[in-house]
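Note sheet for the following structure.
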Amino acid sequence: MSDNFEDLREREVLDIASKTNVISDGVKKVLVIGLDRRNLAAHPSGIHIAQPTADEMIYSLVTNVVLKLV
Numbered sequence: 008m009s010d011n012f013e014d015l016r017e018r019e020v021l022d023i024a025s026k027t028n029v030i031s032d033g034v035k036k037v038l039v040i041g042l043d044r045r046n047l048a049a050h051p052s053g054i055h056i057a058q059p060t061a062d063e064m065i066y067s068l069v070t071n072v073v074l075k076l077v
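Here it is, written out as structure tokens:
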């Protein structure tokens, strides 16, 4: 593991946050799903994310992550 936060991959940050109880395992799972979907859509994969899927992901992130952390 890197000593510099900037060098960590997103998944490593989620692993550390979960292991140190900054986020719950459930929140980590929601974030991992979002990260995986983001990576599918952002990188040349030929995958198209439909608007309802994007809407559901935003709703899930807000209700299961943002509102749990405030």
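Counting from 8, one number per residue, gives the positions in the sequence shown under this note's numbering.
Even for Gly, the Cβ is constructed at its ideal location relative to N, Cα and C.
For residue i, three-class secondary structure by DSSP
i: Asp22; result: helix
i: Asn28; result: coil
i: Arg2; result: With the chain covering only 8 through 77, there is no way to say anything about residue 2.
i: Ile56; result: coil
For residue j and residue i, the rounded distance between their alpha carbons
i: Leu74; j: Thr27; result: 20 Å
i: Lys35; j: Ser25; result: 7 Å
i: Gln58; j: Glu19; result: 29 Å
i: Asp22; j: Ile54; result: 26 Å
i: Asp32; j: Glu17; result: 15 Å
Residue from the options with nearest C-alpha to residue i
i: Met64; options: Ser31, Asp14, Asp43 and Leu76; result: Asp43
i: Val69; options: Ile54, Ala49 and Gly41; result: Gly41
Nearest-angstrom Cβ-Cβ length linking residue i and residue j, presumed shorter than 8 Å
i: Val77; j: Leu38; result: Wrong, their Cβ atoms sit about 16 Å apart, outside the cutoff.
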